[in-house]
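Scroll down for the structure; my scribbles are underneath it.
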Amino acid sequence: MSTKISGNNESLVLTSKNDRIFNIFINRPERKNCVNHATALKLIEAFETFENDKSVDIAILSGKGETFCAGYDLSEVAEGNFPSGDEATEFLNKYRFMGPSMMSLSKPLIAAIEGYAVAGGLELSLLADLRVAANNSQFGVLCRRFGVPLIDGGTVRLPAAIGFSRAMDLILTGKLIDAKKAEEWGLVNRLAEPGEALKVAEALAKEIIKNPQECLKADRKSAYYATFDAQSYQDAFDFELNNGIPVLAEAVKGAGRFIRKEHKL
39 MSTKISGNNE SLVLTSKNDR IFNIFINRPE RKNCVNHATA LKLIEAFETF
89 ENDKSVDIAI LSGKGETFCA GYDLSEVAEG NFPSGDEATE FLNKYRFMGP
139 SMMSLSKPLI AAIEGYAVAG GLELSLLADL RVAANNSQFG VLCRRFGVPL
189 IDGGTVRLPA AIGFSRAMDL ILTGKLIDAK KAEEWGLVNR LAEPGEALKV
239 AEALAKEIIK NPQECLKADR KSAYYATFDA QSYQDAFDFE LNNGIPVLAE
289 AVKGAGRFIR KEHKL
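For the sequence shown, the tail end lands on 303 under the numbering used here, and the numbers increase by one without skipping.
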């Protein structure tokens, strides 16, 4: 199934590059950046571009306007505009309603959050390695109130991010939590003043890309494997070793720089 979108849907998701940072913007502020099927396809296209672009090391996902993403556009569901039959089966075998939720990225992703990150928007933020949020932003599984299940990774990633008990609190009640509580729970990594989440995320991205990238990506991959895929404690350790050995050359270079005092602690 092609993920290319043409015509007036081109503006649903915007992208830009700054240095080695790839920015992805959901651009439906009039709908609180709710994702419809066309937007989901454009998000997939944007993430595939990021993944395949060797000139960038990290991406930032954010929403235009005052909201990160308020979930899936339920008006599209109510009107029956979502693909059905074989087309839906083909799409959902590889992707999900929000688009790139099932993608396994080889490079880091930061979510820069203003306003609401709720329902599918919360799930989309959990695709990111790190989340930067304005201190007036809010998080929650609001789809609980409308009988809509989490099928974009929420039940998988949320317990891994904040622990089973806290995840159940959000999943079962559908309540909102503010950015401060989200930071206390480990859902948010950095807080920002309202309107400054993207700026803080960009500063964090610049900090990350200063590090040797092959080693960084290897350790990131090992951490994901240990969290989501490892069959045992020993399996996780074995993967870490086998995944790390190929990038030991970077460690040799780094040790040399440290000895020469080119890199300060």
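Backbone N, C-alpha and C define an ideal beta-carbon position, used for all residues, glycine too.
Check: I need the boundaries of the beta strand (DSSP E) containing Ser-175, first residue and last residue.; Outcome: Run containing Ser-175: none; DSSP gives neither H nor E here.
Check: Compare the C-alpha of Ala-230 against each of Gly-224, Ala-239 and Trp-223 and name the closest.; Outcome: Ala-239
Check: Here's a check: name, in chain order, each residue in its chain whose Cβ is nearer than 7 Å to the Cβ of Thr-265, leaving out the five neighbours to either side.; Outcome: Ala-198
Check: At the level of alpha carbons, what is the spacing between Ala-172 and Cys-72?; Outcome: 19 Å
Check: Measure from the alpha carbon of Ser-100 to the alpha carbon of each residue in Ser-270, Ala-274 and Ile-64, then state which is nearest.; Outcome: Ile-64
Check: Can you give the Cα-Cα distance for Leu-50 and Tyr-154, rounded to whole angstroms?; Outcome: 18 Å
Check: Grab me the residues of Ile-189's own chain with a C-beta within less than 8 Å of its C-beta, minus the 5 sequence neighbours each way, in chain order.; Outcome: Arg-134 and Phe-135
Check: Give the DSSP bridge partners of Lys-306, in chain order.; Outcome: Since the first and last residues shown for the chain are 39 and 303, residue 306 lies out of range.
Check: What would DSSP say about Ala-116, mapped onto helix, strand or coil?; Outcome: helix
Check: The beta strand (DSSP E) spanning Asp-216 covers which residue range?; Outcome: 214-216
Check: Enumerate in chain order the residues of its own chain whose CB-to-CB distance from Lys-255 is below 7 Å, with the five nearest sequence positions on each side excluded.; Outcome: Ser-144 and Lys-145
Check: Return yes when the Cβ of Ile-98 is within less than 8 Å of the Cβ of Asn-61, no when it is not.; Outcome: yes
Check: Assuming Gly-82 is part of the beta strand (DSSP E), what are its boundary residues?; Outcome: What sits at residue 82 in the sequence shown is Ile, not Gly. Looking at the DSSP string, Ile-82 is not in any beta strand (DSSP E); the run it does join, the alpha helix (DSSP H), is 75-90.
Check: Could you have a look at Ser-139 and say whether DSSP puts it in helix, strand or coil?; Outcome: coil
Check: Between Ala-76 and Gly-137, how many whole angstroms is the CB-CB distance? I'm expecting something under 8 Å.; Outcome: So it is not a contact: roughly 10 Å between Cβ atoms.
Check: Cβ atoms of Ile-209 and Arg-228: under 8 Å apart, would you say?; Outcome: no
Check: Would you kindly work out how many angstroms separate the C-alpha atoms of Ile-82 and Pro-67, rounded to a whole number?; Outcome: 19 Å
Check: Quick check on the DSSP output: what are the complete beta strand (DSSP E) runs of length 3 or more inside the stretch 204-279, in order along the chain?; Outcome: 214-216 and 228-230
Check: Contact defined as beta carbons within less than 8 Å: I believe Leu-236 pairs with Phe-177. What is the distance between those atoms, to the nearest angstrom?; Outcome: Going by Cβ atoms, the distance from Leu-236 to Phe-177 rounds to 18 Å, so no, they are not a contact pair.
Check: Could you check what DSSP says for Gly-109 in three-state terms: helix, strand or coil?; Outcome: coil
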